[in-house]
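Residues 62 to 352 in this note's numbering are what the sequence shown lists, from first letter to last. Worksheet: the structure to be examined is printed underneath.
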Amino acid sequence: METAIGVFDSREHAETAVKELLEKHVPEESIVFLTRSESEAMGFGKELGSYAGGFIGGAVGTTAAVVGATLALIPGFGQVFALGVGGAALLGYLGSKAGGNLAKGISEEPGAPKPASSEKSGEEGAHLLEVLKEGRSVIVVRTEFHDVAATACGVLDKLGLGKQAPTTTKSQTTTRQAEDVTIIDARGKIAFGEGATKLRETVANLIASGAKKIVLNLKEVDYVDSSGMGEIVRCHMAVRKQGGQLKVANLSKMVSELLQATSMNKVFDIQADEDSAIRSFGGPALGATAS
């Protein structure tokens with residue numbers, strides 16, 4: 062399952078992105094729009110309804126259409142609205158509990174082990190909602206189809222915040238151990254079709270092996286696209302769902318600027334360097350050994 066995340070600074074830009082996704086045949090049920098503003102959600106629904114003839118059960122733009130998409134009463138946020146361009150996507154991401162199925166929908170792969178406790182689900186959803194707190198809106202596209210994911214990434218990368226110059230650097234992912242902390246060294250790009258897949262496989266293997274303390278070292282990463290952003294978020298949530306912690310450390314200049322521009326720096330536990338990340342788990346910083 063591929064997840065791409067686009068962050069937008071206005072409803073108009075988000076609308077343009079969704080319209081282009083639909084024009085390029087990205088399925089309605091794969092798209093979810095998140096906002097804190099009820100008026101923005103209503104306006105967005107009306108615009109899309111007039112554009113595509115009504116996507117949400119014939120009730121686009123009405124209070125009834127939006128109520129089912131409400132993330133209610135998250136402390137510090139108030140109500141957050143999600144407009145799924147298709148009711149199935151809406152229910153699949155959010156369900157009836159505040160943020161629970163949002164986190165589950167982004168992080169859980171088919172056949173993955175169930176989390177030890179479901180009590181953290183609301184907290185996990187709130188991580189992504191931190192972006193909305195900064196006045197941004199978010200589009201999430203989730204699909205099993207490679208060509209659809211490639212199309213979605215192209216649209217979100219072109220129209221979303223944090224645009225970057227393309228790079229030809231190849232991706233590489235290796236791991237090291239520092240006592241009970243696993244360090245993932247990512248290099249090159251974390252992007253659709255290459256780096257994102259490698260990161261996903263690395264984290265999945267670590268979770269399967271029982272790793273609970275993970276540091277993602279991004280010092281040598283020079284490109285992250287919407288798929289790569291989605292994968293980092295997915296990995297972050299997947300580790301938390303299994304009772305572990307993932308820290309992000311050593312941000313390269315490019316990654317730091319991207320996270321700040323999109324407000325995604327609010328989502329992750331970011332540490333200045335590797336030693337700080339290791340210490341933040343509660344233990345001393347120690348020399349790491351390759352594995």
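Note that beta-carbon positions come from the ideal geometry of N, C-alpha and C, so glycine has one too.
Tell me whether the beta-carbon of residue i lies closer than 8 Å to the beta-carbon of residue j.
| i | j | result |
| --- | --- | --- |
| Asp399 | Met325 | Missing from the structure shown is residue 399; the chain here goes from 62 to 352 and no further. |
| Thr234 | Thr263 | yes |
| Val216 | Leu95 | no |
| Gly67 | Ser287 | yes |
| Met62 | Glu255 | no |
| Thr212 | Val79 | no |
| Ile275 | Ala299 | no |
| Asn266 | Glu335 | no |
| Lys280 | Gln306 | no |
Express the C-alpha separation of residue j and residue i in angstroms, rounding to a whole number.
| i | j | result |
| --- | --- | --- |
| Lys259 | Ala252 | 10 Å |
| Arg203 | Val209 | 9 Å |
| Ser313 | Leu320 | 11 Å |
| Val93 | Val201 | 5 Å |
| Leu220 | Leu193 | 18 Å |
| Arg340 | Ala239 | 11 Å |
| Val285 | Gln303 | 25 Å |
| Ile245 | Ser71 | 35 Å |
| Gln225 | Ala333 | 22 Å |
| Ala338 | Arg295 | 20 Å |
| Glu101 | Glu89 | 19 Å |
| Phe329 | His297 | 8 Å |
| Ser91 | Thr236 | 33 Å |
| Ile293 | Ala75 | 22 Å |
| Thr64 | His207 | 11 Å |
| Lys250 | Arg301 | 24 Å |
| Ala257 | Gly289 | 5 Å |
| Ser232 | Ile331 | 21 Å |
When DSSP labels each residue in this structure, what does residue i get in the three-state scheme?
| i | result |
| --- | --- |
| Glu63 | strand |
| Asp334 | coil |
| Thr96 | strand |
| Val87 | coil |
| Gly228 | According to the sequence displayed, residue 228 carries Thr and not Gly. Coil, per DSSP. |
| Phe69 | strand |
| Arg197 | coil |
| Val216 | helix |
| Val202 | strand |
Using CA atoms only, rank isn't needed, just tell me which of the options is closest to residue i.
| i | options | result |
| --- | --- | --- |
| Ala310 | Ala247, Gly256, Met62 and Val199 | Ala247 |
| Ala322 | Met298, Thr236, Asn278 and Ser198 | Ser198 |
| Ser98 | Gly223, Gly196 and Ala299 | Gly196 |
| Gly343 | Lys308, Arg72 and Lys85 | Lys308 |
| Gly291 | Ala269, Ile268, Ala272 and Arg261 | Arg261 |
| Ser270 | Val242, Ala75, Asp70 and Phe329 | Val242 |
| Thr77 | Gly289, Thr236, Asp218 and Lys327 | Asp218 |
| Gly223 | Glu84, Glu281, Glu318 and Val328 | Glu318 |
| Lys327 | Ala257, Glu191, Glu73 and Glu90 | Glu191 |
| Lys85 | Phe69, Glu73 and Cys214 | Cys214 |
Beta carbon of residue i: closer than 7 Å to some heavy atom of the ligand NAD?
| i | result |
| --- | --- |
| Lys224 | Summarising the ligand content, the structure contains no ligands, and the ligand NAD is consequently not present. |
Complete beta strand (DSSP E) runs within the segment 238-320 (minimum length 3 residues, chain order): 242-251, 274-285 and 306-310
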